[in-house]
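Presented below is the structure to which this report refers.
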Amino acid sequence: MGIDAFIAQFKTYCQQRFSSKTGTAVSYANAVKYLFEFMNSSEISNALILEIRSLEPDIRDSDSIFYGDLEKFYTSTGRSSYLEKGFLKAALPILFKFSDTYLFQDADDVVLLQEIKDNKVVADYSKDRLRHELPIAEKVVHNYNVRRISGTVKESYKRICSGRKAEKYFISFLTDLGFRKNQDFFDVANNKNYGYDVRFFDVGLEIKNIKNGYFFLSDNEIARLENTSTHLILVDIDNGIWFLKNNSKWLSRTIDDIKKLRNYCKDYFSNLDPSDIKIIIDDNVKNYVTDISDYSRELVMKTIVD
86 MGIDAFIAQF KTYCQQRFSS KTGTAVSYAN AVKYLFEFMN SSEISNALIL
136 EIRSLEPDIR DSDSIFYGDL EKFYTSTGRS SYLEKGFLKA ALPILFKFSD
186 TYLFQDADDV VLLQEIKDNK VVADYSKDRL RHELPIAEKV VHNYNVRRIS
236 GTVKESYKRI CSGRKAEKYF ISFLTDLGFR KNQDFFDVAN NKNYGYDVRF
286 FDVGLEIKNI KNGYFFLSDN EIARLENTST HLILVDIDNG IWFLKNNSKW
336 LSRTIDDIKK LRNYCKDYFS NLDPSDIKII IDDNVKNYVT DISDYSRELV
386 MKTIVD
């Protein structure tokens, strides 16, 4: 759907919530419209709304990098009042409620997560079991022979459980060091208002299970790594926990290569879309990761937050 059509319906939705005699509905609609423009979006989609949901903490944080860029855009176009007077922040919850009804944006993974009993996913940290061996993937070989494989739903279930175990393991690691859940850090992996897994003080952390020597990055995860303070935590349960900064040369080069590959397919193989690209952990990454799995509380703070 185009921006103008979406904003017209959103404004009507706001007018039903507020008195039509006030300018609140118009201000909310304009604030959201200019956010869409800032994000270079000509079409409104589920993916765009989900991306804005994930960016909401940064939109509300005036000290974030994203907010700084947003402020420059609004100011340069003479629209700074929509930020200064809080219209954009106030409009976001209404935008999400409207889009939940209008765009039906629940993803398959979210529905599947609801069927997984989270308390059944357990992965406790133990310093005594650490091996500190960064998993390096074997050379990838594709086999096109017909073979029996698990069904799609079962594979999705296993993938989500694997990721959740890594998240639970990292959370157990934090609590073992004395960090307080819901005070020092927040488990937001199943909260679609965020675009990452753990909010550690003011830092967003994306947790990846690297047991098999590889991981994947969604488009939204790439966007957050490039534009906000989100960093990667690589986890191999009972082996180690590695911190990878979003501006590391290895990660920056990897993301750049993903974009080049997709652009190449767009130009030369238009019927192919390499969406899920397996990111192989190789020997080169060792120079850019920090094994924090047996760090003290102070060192973890210094490494991730400072």
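Letter by letter, the sequence shown follows residues 86 to 391 of this note's numbering.
Glycine residues also receive a C-beta, built at the ideal position from the N, C-alpha and C atoms.
None of the values given here were measured: they were computed from a predicted structure.
- [ ] Please say whether Phe-301 and Ile-364 have beta carbons closer to each other than 9 Å?
- [x] Yes, the Cβ-Cβ distance between Ile-364 and Phe-301 is below 9 Å.
TODO: Pair every Cβ in the region 143-152 with every Cβ in the region 108-119, then say whether three or more of these pairs are closer than 8 Å.
DONE: Taking 8 Å as the limit for Cβ pairs, the verdict is that the region 108-119 does not touch the region 143-152.
Task: CA-to-CA distance, Lys-371 to Ile-221, given in whole angstroms - done: Distance between the alpha carbons of Ile-221 and Lys-371: 10 Å.
Open item on the list: Taking the alpha-carbon of Leu-177 as reference, which of Ile-134, Asp-272 and Arg-265 has the nearest alpha-carbon?
Closed with: Of Ile-134, Asp-272 and Arg-265, the residue nearest in Cα terms is Ile-134.
Task: DSSP-derived helix/strand/coil call for Lys-293 - done: Collapsing the DSSP output to three states places Lys-293 in a strand.
- [ ] Return the Cβ separation of Asn-139 and Asn-305 in integer angstroms, given the expectation that the two are a contact with Cβ distance under 8 Å.
- [x] The sequence shown places Ser at residue 139, rather than the Asn named in the question. With 8 Å as the limit, Ser-139 and Asn-305 qualify as a contact, their Cβ atoms being about 6 Å apart.
Open item on the list: Distance check for Glu-383 and Ser-184, CA to CA, integer angstroms please.
Closed with: Between Ser-184 and Glu-383, the C-alpha separation is close to 42 Å.
Open item on the list: Just verifying my parser: in three-state terms, what is the DSSP assignment at Tyr-152?
Closed with: In the structure shown, Tyr-152 sits in a helix (DSSP, three-state: H, G or I).
TODO: Tell me His-316's beta-bridge partners as DSSP assigns them.
DONE: Assignment of beta-bridge partners to His-316 by DSSP yields Leu-290.
- [ ] Assess, as a yes-or-no matter, whether the region 206-215 is touched by the region 319-330 under the definition of 3 or more beta carbon pairs within less than 8 Å.
- [x] Because the criterion of three Cβ pairs below 8 Å is met, the region 319-330 and the region 206-215 touch.
Task: 6 Å CB neighbourhood of Phe-91 in its chain, flanking five on each side removed - done: Setting aside the 5 residues that flank it on each side, Phe-91 is surrounded in the same chain by Ile-129, each with a C-beta closer than 6 Å to its C-beta; the list follows chain order.
- [ ] Check each candidate in Trp-327, Glu-311 and Thr-313 and name the one with the smallest Cα separation from Ile-292.
- [x] Nearest of Trp-327, Glu-311 and Thr-313 to Ile-292, Cα basis: Trp-327.
Task: Check whether Phe-158 and Asn-115 have beta carbons under 9 Å apart - done: It is not a contact, given that the beta carbons lie outside the stated cut-off.
- [ ] Write down the C-beta distance between Thr-260 and Gly-289 rounded to the nearest angstrom, noting that I regard them as a contact closer than 8 Å.
- [x] No, Thr-260 and Gly-289 are not in contact; Cβ-Cβ is about 19 Å, not under 8 Å.
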